[in-house]
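Q: Chains as they are written, first to last, in my numbering: chain A, 14 to 320; chain B, 651 to 847.
We put the beta carbon where it would ideally sit given N, CA and C, even for glycine.
These figures come from a predicted structure and were not determined experimentally.
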Amino acid sequence: MKQSLVTFIFISFFSLSGICQPDDLSKMLEEEMGNSNEPDYATATFKTTRLVNGHTNEQVAPGVLDFRIGHRFGAFNTGVYNFFGLDQASMRMAFEYGINDWLMIGAGRSTYQKTYDGFIKAKILRQQKGKRNVPLSINYLGAMAVKTLKFSNPENTNYFTSNFFYTHQLIIARKFSESFSLQVLPTVVHRNLVEKSIDEHDIFAIGVGGRMKLSKRTCVNVEYFYQINKPRDVINSLAIAFDIETGGHVFQLAFTNAAAMIEHAFITQSVGRWDKGDVIGGFNLSRVFTLKDPRKKGTKNEDVQSK
Amino acid sequence: MLIKFKTHNTMKKSVLFFAAFATFVSMNINAQDVYFTKNAKVNFNASPAEPIEVIDAVNNEGTSFLNTTKGEIVFAVLIKGFRFERALMEEHFNENYMESTKFPKGDFKGKIDNLSEVNFSKDGSYKVKVSGNLTIHGITKPTTADGVINVKAGKISATSNFSVKLADYKIDRPSVVANKINETVKISVSANYELKK
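#1: If contacts are defined as beta-carbon pairs under 8 Å, then A:Lys136 and A:Asn152 qualify, I think. What distance do you get, rounded to the angstrom?
#2: Closer than 9 Å by beta-carbon distance: list the chain A residues that pair up with B:Lys820, in chain order.
#3: Taking only the alpha-carbon atoms, compute the straight-line gap between A:Phe255 and A:Ser39 and give it to the nearest angstrom.
#4: Do A:Gly285 and A:Phe268 have their C-beta atoms within less than 8 Å of each other?
#5: For the region 739-771 of chain B, which residues have a CB atom closer than 9 Å to at least one CB atom of chain A, in sequence order?
#6: With distance defined between alpha-carbon atoms, name the residue in A:Pro244, A:Val202, A:Asp37 and A:Val221 nearest to B:Leu716.
#7: Would a C-beta distance cut-off of 8 Å place A:Met157 and A:Asp114 closer than the cut-off?
#8: What did DSSP end up calling B:Glu741 once you bin it into helix, strand or coil?
#9: Take B:Ala726 and list the residues in its own chain whose beta-carbon comes closer than 6 Å to its own, dropping the five residues that flank it on each side.
#10: Below 8 Å on C-beta distance, what does A:Asp306 contact in chain B?
#11: Write down the C-beta distance between B:Ser838 and B:Asn709 rounded to the nearest angstrom, noting that I regard them as a contact closer than 8 Å.
#12: Is it buried or exposed, A:Ser192, if we count other Cβ atoms within 10 angstroms and call 16 or more buried?
#13: How far does the alpha helix (DSSP H) with A:Asp306 in it extend, from its first residue to its last?
#14: Tell me which same chain residues have a C-beta within less than 6 Å of the C-beta of B:Asn695, skipping the five on either side of it?
#15: Which residue marks the beginning of the alpha helix (DSSP H) containing B:Asp614, and which one marks its end?
#16: Suppose you measure from the CA of A:Ile241 to the CA of B:Pro824; what does that come to, to the nearest Å?
#17: Determine, for A:Met41, whether the minimum Cβ-Cβ distance to residues of chain B falls below 8 Å.
#18: Can you tell me whether DSSP reads A:Phe273 as helix, strand or coil?
#19: Considering B:Lys755, what are the terminal residues of the beta strand (DSSP E) in which it resides?
#20: Using the C-alpha atoms, what's the distance from B:Asn689 back to A:Met41?
#21: What are the start and end residues of the beta strand (DSSP E) that includes A:Gly222?
#22: Take the Cβ of A:Pro79 as the centre, count every other Cβ of all protein chains shown within 10 Å, and call the residue buried at 16 or more, exposed below.
#23: Once you ignore the five residues that flank A:Phe89 on each side, which residues in its own chain have a CB closer than 8 Å to its CB?
#24: Does any CB atom of chain B fall closer than 8 Å to the CB of A:Met46?
#25: Using a Cβ-Cβ distance cut-off of 8 Å, determine whether A:Leu298 contacts chain B.
#26: Who are the Cβ neighbours of B:Phe732 in its own chain at under 6 Å, not counting the five residues just before and after it?
#27: Could you give the first and the last residue of the continuous beta strand (DSSP E) run that contains A:Gly83?
#28: Under 8 Å, with one C-beta from each stretch per pair, do the region 737-746 of chain B and the region 760-771 of chain B reach the 3-pair mark?
#29: Classify A:Val202: buried if its beta carbon has 16 or more other beta carbons within 10 angstroms, exposed otherwise.
#30: Please list the terminal residues of the continuous alpha helix (DSSP H) segment that includes A:Glu45.
#31: Can you tell me whether DSSP reads A:Leu29 as helix, strand or coil?
#32: Residues of chain A with a CB under 9 Å from the CB of B:Val780: which are they?
#33: Can you tell which of A:Leu149, A:Phe59 and A:Glu109 has its C-alpha closest to the C-alpha of A:Glu236?
#34: Only counting the same chain, and skipping five residues up and downstream in sequence, which positions put a Cβ closer than 6 Å to that of B:Thr718?
#35: If I'm right that A:Val221 touches A:Val247 with Cβ under 8 Å, what's the distance once you round it to whole angstroms?
#36: Can you tell me whether B:Val704 is buried or exposed, with buried defined as 16 or more other CB within 10 angstroms of its CB?
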């Protein structure tokens, strides 16, 4: 009787002390990891800041300089004489920089109508889970371009400001899964000078773009801009690209009916017809340079990576 | 008979008292022997012998618990919390290598094998062997590592250096980057523990 009582108490004592023992730490760990206050942002909705010609919701990271070269050949249907377009070339060269977590700027020069362009892109909303659930991200793009091609009628009174183009765009994007992302881009393009007085200065367009991963490092992108008040003789822009990621840069192989790579031009001035084989091949190259190490706050430019 | 009953009763009482006391003491110990940290530092270096570019990252938000009486130690980090010098490298690390949306954390659950050689109540530096299960990229493998536990003025800190093979945790290293990323990744961990209240 005594013995059994002692044994019972002994056992209960052990089980009592055992309750908070074996998986205790693991449980504490799970709990501690579970109440993290950090929002879980959707990252890498797209591989780079451009889908094909147009922007994505991706921005260059703070302190990172992105050197971009966009290259477009001639139209495929110009035949063997032009080596299926490869004889011709049009390009845009640009430097784009991430100022902070939500703002990036860029400036570029295109051979297309000898155009200079500049833009800012800002994050308004970020897709995230956790503390707050936000299903999509929204960015604003404001772009300006000036064409410096000589005026076709030099005898007219021509103003420098006549060559200005402005684009305002919202980029509404969602990463649906690891491999599939979609974006919608309501856009307005303002042209200071139009050819005829009946032409509208403001063109409204809606872009739709998506990407589908083919593997971890390659994906296919499709992008289409529908113009609501489409100008005469202009075709809506449709483009397809393959992203190939190779370490420090992203290579995009593009097929498009647009000769230009800046908003106002490819949205409202594309003339190529896909059904006639009026398709332009080309590529975008992006190479990033880290100017500021994000791990060291206040680092100056002395540790520029020059590779 | 009556006397016998009485003795039995006292016996019962004293045993119960002992049990209650022991439970109380053991609970008290339990509360005092768990140490934790929320800002353990985890560092890794995956640079090859002759680096084309240095691949290293740091995570300062490791969570760890240490039970000094049982010698149990657990560790976890969020993979997305690793900071690289280059943002693109960080993106590739999360997207292509660690698939951190699918496998958001890495953790270690194990124990100190030579607990008897560590005196947590005496200042000093103690070499320890730790063994347990390491989970990275959704794959759990038994692992052992050498470490050092420092006790100073009641504060406990721990450091450890070990290596993992990428292939063991099914982290792809495509042939195009084979000369840029080391197959064996060096990991170092350091934690300054505080008493869990």
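A: On the basis of the data shown:
#1: 5 Å
#2: Under the 9 Å cutoff, chain A gives no residues; its nearest Cβ is about 13 Å from B:Lys820.
#3: 44 Å
#4: no
#5: Met739, Glu740, Glu741, His742, Asn744, Glu745, Asn746, Tyr747, Glu749, Ser750, Thr751, Lys752, Pro754, Lys755, Asp757 and Lys759
#6: A:Asp37
#7: no
#8: helix
#9: Thr713, Lys755 and Asp757
#10: Glu735
#11: Incorrect: roughly 11 Å between the Cβ atoms, too far for contact.
#12: exposed
#13: Per DSSP, A:Asp306 belongs to no alpha helix (DSSP H) and is neither H nor E.
#14: Asp706 and Lys836
#15: This structure does not reach residue 614 of chain B, given that chain B is present from 651 up to 847, and the question cannot be answered.
#16: 45 Å
#17: yes
#18: First, the amino acid is wrong: residue 273 of chain A is Ala here, not Phe. It is coil, neither helix nor strand.
#19: Lys755 to Ile762
#20: 15 Å
#21: Asp215 to Lys226
#22: For the sequence presented, residue 79 of chain A should be read as Asp rather than Pro. Under this definition A:Asp79 is a buried residue.
#23: Phe97, Gly98, Gly290, Asp291, Val292, Ile293 and Gly294
#24: yes
#25: no
#26: Ala707 and Asn709
#27: Val77 to Ala88
#28: no
#29: buried
#30: Asp37 to Gly47
#31: The pLDDT assigned to A:Leu29 is 49, lower than 50, so where the model puts this residue is not dependable; a value taken from the coordinates is nonetheless given after this. Residue state, collapsed to three classes: helix.
#32: Near B:Val780 there are no residues of chain A at all, since even the closest Cβ is about 13 Å away, more than 9 Å.
#33: A:Phe59
#34: Asp683 and Phe770
#35: The pair is not a contact, with the Cβ atoms about 18 Å apart (cut-off 8 Å).
#36: exposed
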